[in-house]
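To start, the structure itself, in structure tokens.
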Amino acid sequence: MSEVLLEARHLSKTFPAGRNRRVHAVSDVSLRLFAGETLGLVGESGCGKSTLGRLLIRLTAPSAGEVLLRGERIDDLSEAAFAPRRRQLQLIFQDPYASLNPRMTVRELIAEPLKTCRACPTREATTQRVLELMDAVGVAREFLYRYPHQFSGGQRQRIGIARAIAAEPALIVCDEPVSALDVSVQNQILNLLRELQASRGFSYLFISHDLSVVRHISDRVCVMFLGRICETGPTEAIFRRPRHPYTRFLLDAVPQPDPHRRGESVRLLSGELPSAVNPPDGCRFHTRCPYATRQCASDEPQLHGEGESCVACHHPLE
Amino acid sequence: MEPMTLRAVGLCAGIPTQKGEIRAVNDVSIDVPAGSIVGIVGESGCGKSMTARAIMGLMRSPARMTGGEIWLNGRDIARLPERQRRALRGSEMSMIFQEPMTSLNPVMKVGRQVAEAVRLHANVSRQEADRRAVEMFEAVGISDAASRARCYPHQLSGGLRQRVMIAMAMVCRPKLLIADEPTTALDVTVEAQILRLMRNLCDAGTSILLISHNLGVIAQLCDYVYVMYAGRIVEQAGVIKLFDHPAHPYTRGLLNAVSSLRRGGERLDTINGVVPNLLRLPEGCSFSLRCDACEARCAQEMPELREIAPGHKARCHLAEREAWS
Numbered sequence: 002m003s004e005v006l007l008e009a010r011h012l013s014k015t016f017p018a019g020r021n022r023r024v025h026a027v028s029d030v031s032l033r034l035f036a037g038e039t040l041g042l043v044g045e046s047g048c049g050k051s052t053l054g055r056l057l058i059r060l061t062a063p064s065a066g067e068v069l070l071r072g073e074r075i076d077d078l079s080e081a082a083f084a085p086r087r088r089q090l091q092l093i094f095q096d097p098y099a100s101l102n103p104r105m106t107v108r109e110l111i112a113e114p115l116k117t118c119r120a121c122p123t124r125e126a127t128t129q130r131v132l133e134l135m136d137a138v139g140v141a142r143e144f145l146y147r148y149p150h151q152f153s154g155g156q157r158q159r160i161g162i163a164r165a166i167a168a169e170p171a172l173i174v175c176d177e178p179v180s181a182l183d184v185s186v187q188n189q190i191l192n193l194l195r196e197l198q199a200s201r202g203f204s205y206l207f208i209s210h211d212l213s214v215v216r217h218i219s220d221r222v223c224v225m226f227l228g229r230i231c232e233t234g235p236t237e238a239i240f241r242r243p244r245h246p247y248t249r250f251l252l253d254a255v256p257q258p259d260p261h262r263r264g265e266s267v268r269l270l271s272g273e274l275p276s277a278v279n280p281p282d283g284c285r286f287h288t289r290c291p292y293a294t295r296q297c298a299s300d301e302p303q304l305h306g307e308g309e310s311c312v313a314c315h316h317p318l319e
Numbered sequence: 002m003e004p005m006t007l008r009a010v011g012l013c014a015g016i017p018t019q020k021g022e023i024r025a026v027n028d029v030s031i032d033v034p035a036g037s038i039v040g041i042v043g044e045s046g047c048g049k050s051m052t053a054r055a056i057m058g059l060m061r062s063p064a065r066m067t068g069g070e071i072w073l074n075g076r077d078i079a080r081l082p083e084r085q086r087r088a089l090r091g092s093e094m095s096m097i098f099q100e101p102m103t104s105l106n107p108v109m110k111v112g113r114q115v116a117e118a119v120r121l122h123a124n125v126s127r128q129e130a131d132r133r134a135v136e137m138f139e140a141v142g143i144s145d146a147a148s149r150a151r152c153y154p155h156q157l158s159g160g161l162r163q164r165v166m167i168a169m170a171m172v173c174r175p176k177l178l179i180a181d182e183p184t185t186a187l188d189v190t191v192e193a194q195i196l197r198l199m200r201n202l203c204d205a206g207t208s209i210l211l212i213s214h215n216l217g218v219i220a221q222l223c224d225y226v227y228v229m230y231a232g233r234i235v236e237q238a239g240v241i242k243l244f245d246h247p248a249h250p251y252t253r254g255l256l257n258a259v260s261s262l263r264r265g266g267e268r269l270d271t272i273n274g275v276v277p278n279l280l281r282l283p284e285g286c287s288f289s290l291r292c293d294a295c296e297a298r299c300a301q302e303m304p305e306l307r308e309i310a311p312g313h314k315a316r317c318h319l320a321e322r323e324a325w326s
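Quick note, the sequences are listed as chains A and P, same order.
For the first sequence, the working numbering assigns the number 2 to the initial residue and increments by one for each residue that follows.
For the second sequence, the working numbering assigns the number 2 to the initial residue and increments by one for each residue that follows.
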């Protein structure tokens, strides 16, 4: 197994929700990210996957727990002490329309992270490096002085990727990077992310609600439900033999692009998502789980398992 | 011949701009037979939502309908005055939208909003309208309907809001429901619930025109499918035929893009290039710039939408060669 790049230990994050209540966005999450791998993070909206991504790269401060970069705590560092490490942890955003400053040219946009980490000594060197990055992500060099509004969504996302890789990071958190794109363009971006990883060797934390995208790009997957990881393991194991009932429901719910496989005994999840302000006691899924017992309502199941596959369930599926 | 709930013939719609008219919908003809679910699939900007709005008579200025006929239950409604068009909306045809939050009034209880739709079309008392609204909430699977009717939209989850929208659309029992990306904003587990609800509505006699970019949703729900590209229909077929024997290179590209994602493997299939600017469409086939099979004729001459097998049409010079290869 390769080196542990980033580790989270018992991370929690709550946000104030008024009247002394708090939203439990992430609760007691521990995970490890290895150098060079892609870890997929899936779950439905509001399950805390974006918050977890931001906690891991220190864009949000945790309420409890630790984040370690190459074995060294980064969550308790001062801004000044953390600054030299910032370039190792980068982010690609979901919305390529909102995440680029409309008043900056492509050159300025891509040069900004280079300046921040003082990578290039001169103006000429900066321009040269920007052009190399444009080549790497597939934006034509002649567009150096264009503005974001002159590009399509896919091209903008390429510019966002160039910004993220400019500082040669060790980890890139990709937060729904292809959700806003059409399917033909989405595949172009996924191919690009894979090529860049193969040639530059960084790790991805790939956050998405689209299970087929996660299956394609991830080496390992974490499934989140209401702020907790309910199952984690190698991608194919999770998709072929899900052990947590929630994972099973999630996979079954995806509409198959095959009219021959219509109406295959899809079992629908009943009820509503519980509130993250008042998460249920015990297993957070027990209010919707058809297999729930009395134990599930009182005891919080812990992640356990052999090797890489772990599931947090008292009655995992066989 | 089976009765048609909706028959749109040669629809054209455009947006005038300083650089000329954007022809967002170009000679689009769509049939929705009674009791069936018909899909329109395409990527963003292909004109599928504009087609739906044209049929509903809900064009937003400066976009406008520039031609075509719309036959609803055997009557051409395209040239009816606005007052009469308005009377049809809700009672004979309804539409649901992608984002249920922005389509509901945030300062009005959801039950009242549905009751309002009832009172617009039926001469009934407030109490009766409220009663029908609650009844409809139950019909679309909202549990605890009476108390949910007293909620404001922000108190409901996305799935419940979409059910409220569907209840509002269906409360006057229209024959035709137009659903524009009804599940795109929803999580997959909620999406599955809404798709099942739409299937049940269809089984109960409502004809549905479903607009989606999601081929999974189309495959699961539709009987017949139209594929749109750059404002035109490029292929139409029964759902099984379309997925098994796509004839247009664009349809094949879309299907390959989706299936390669599911197949695994290193590289994903893509469609080269990007959607063309509607103001600067290529001279011949709109897809010619992105097409691997493009020949000299394709760059010069726009292909007709022509029948290549019974019930299967494609807008491609090379359709026969491609379909069975």
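A virtual CB, placed ideally from N, CA and C, is assigned to each residue, including glycine.
Note that the structure is a prediction, hence the values are computed from the model and not measured.
Query                                                                                                                                                              : Result
Anything in chain P within Cβ reach of A:Pro256, meaning under 9 Å, just list it in chain order.                                                                   : Thr184, Val189, Glu192, Ala193, Leu196, Asn215, Leu216, Gly217, Val218, Ile219, Ala220, Gln221 and Leu222
Can you name the start and end residues of the beta strand (DSSP E) that P:Thr6 belongs to?                                                                        : Met5 to Thr18
Do A:Gln95 and A:Pro178 have their beta-carbon atoms positioned less than 8 Å apart in this structure?                                                             : yes
Pair every Cβ in the segment 241-249 of chain P with every Cβ in the segment 75-88 of chain P, then say whether three or more of these pairs are closer than 8 Å.  : no
Check the DSSP bridge columns for A:Phe226 and list the partner residues they point to.                                                                            : A:Arg229
For A:Asp259, which residues in chain P fall below 7 Å Cβ to Cβ?                                                                                                   : Ala220 and Phe244
Any C-beta of chain P within less than 8 Å: which residues of the segment 190-204 of chain A qualify?                                                              : Leu191, Asn192 and Arg195
Can you list, in chain order, the stretches of the alpha helix (DSSP H) that have 4 or more residues and sit fully within the segment 272-320 of chain P?          : 297-301
Among A:Phe203, A:Ala141 and A:Arg104, whose alpha-carbon lies nearest the alpha-carbon of A:Leu7?                                                                 : A:Phe203
Should A:Ile230 and A:Val224 be called a contact, given that it needs their Cβ atoms to be closer than 8 Å?                                                        : yes
Nearer than 7 Å: is that true of the beta carbon of A:Ser31 relative to any heavy atom of the ligand MG?                                                           : With respect to the ligand MG, the structure shown offers nothing to examine, as it has no ligands at all.
Taking three-plus beta-carbon pairs below 8 Å as touching, is the segment 211-224 of chain P in contact with the segment 43-55 of chain P?                         : yes
Using a cut-off of 9 Å between C-beta atoms, extract the partners of A:Val68 located in chain P.                                                                   : The contacting residues do not exist; A:Val68 stays about 28 Å from chain P at best.
Following the continuous alpha helix (DSSP H) through P:Gln163, name the residue where it begins and the one where it ends.                                        : Gly159 to Met171
Taking the beta strand (DSSP E) that A:Phe250 belongs to, which residues open and close that run?                                                                  : Unbroken run through A:Phe250 is the alpha helix (DSSP H), Pro246 to Ala254; no beta strand (DSSP E).
So what does DSSP say about A:Gly139, is it helix, strand or coil?                                                                                                 : coil
Among P:Val218, P:Glu44 and P:Ala168, which residue has its Cα nearest to the Cα of P:Pro101?                                                                      : P:Ala168
Beta-carbon within less than 6 Å of A:Ala163's beta-carbon, same chain only, minus the 5 sequence neighbours each way: which residues are those?                   : Ile111, Leu134 and Val138
For A:Asn279, would you say it is in contact with chain P, using Cβ-to-Cβ distances shorter than 8 Å as the test?                                                  : no
Looking only at its chain, what residues have a beta carbon closer than 6 Å to the beta carbon of A:Ser209, apart from the 5 residues adjacent to it on each side? : Glu177 and Val215
Answer with buried or exposed for A:Pro114, where buried requires no fewer than 16 other C-beta atoms within 10 angstroms of its C-beta.                           : buried
I need the straight-line Cα distance from P:Leu319 to A:Leu212, nearest angstrom please.                                                                           : 35 Å
Does DSSP put P:Ala238 in a helix, a strand or coil?                                                                                                               : strand
Could you pull out every unbroken beta strand (DSSP E) segment of at least 3 residues lying fully inside the segment 156-207 of chain A, listed in chain order?    : 172-176
What number of angstroms, rounded off, separates the C-alpha of P:Arg67 from the C-alpha of P:Val108?                                                              : A quick correction: the sequence has Thr, not Arg, at residue 67 of chain P. If you take the alpha carbons of P:Thr67 and P:Val108, they lie about 36 Å apart.
Name the DSSP beta bridge partners of A:Pro235, please?                                                                                                            : A:Arg221
Is there a Cβ from chain P that is less than 8 Å from the Cβ of A:Glu273?                                                                                          : yes
Determine, for P:Leu255, whether the minimum Cβ-Cβ distance to residues of chain A falls below 8 Å.                                                                : yes
Is it right to say A:Ser271 is buried, meaning 16 or more other beta carbons lie within 10 angstroms of its own, or is it exposed?                                 : exposed
Taking the straight line between their C-alpha atoms, what separation do you get for P:Val165 and P:Phe138?                                                        : 7 Å
List the DSSP bridge partners of P:Ile179.                                                                                                                         : P:Met96 and P:Leu210
Which two residues bound the contiguous alpha helix (DSSP H) that contains P:Asp131?                                                                               : Arg127 to Ala140
Where DSSP assigns a beta bridge to A:Lys14, which residues make up the other side?                                                                                : A:Val27
Candidates P:Trp72, P:Glu305, P:Leu280 and P:Gly91: which alpha carbon is nearest P:Cys173's?                                                                      : P:Gly91
Please classify P:Trp325: does DSSP put it in a helix, a strand, or coil?                                                                                          : Reliability fails at P:Trp325, whose pLDDT of 46 lies under 50, so the model's placement of it is uncertain and the value that follows must be treated cautiously. The answer is coil: DSSP assigns P:Trp325 none of H, G, I, E or B.
Check the DSSP bridge columns for P:Pro34 and list the partner residues they point to.                                                                             : P:Met5
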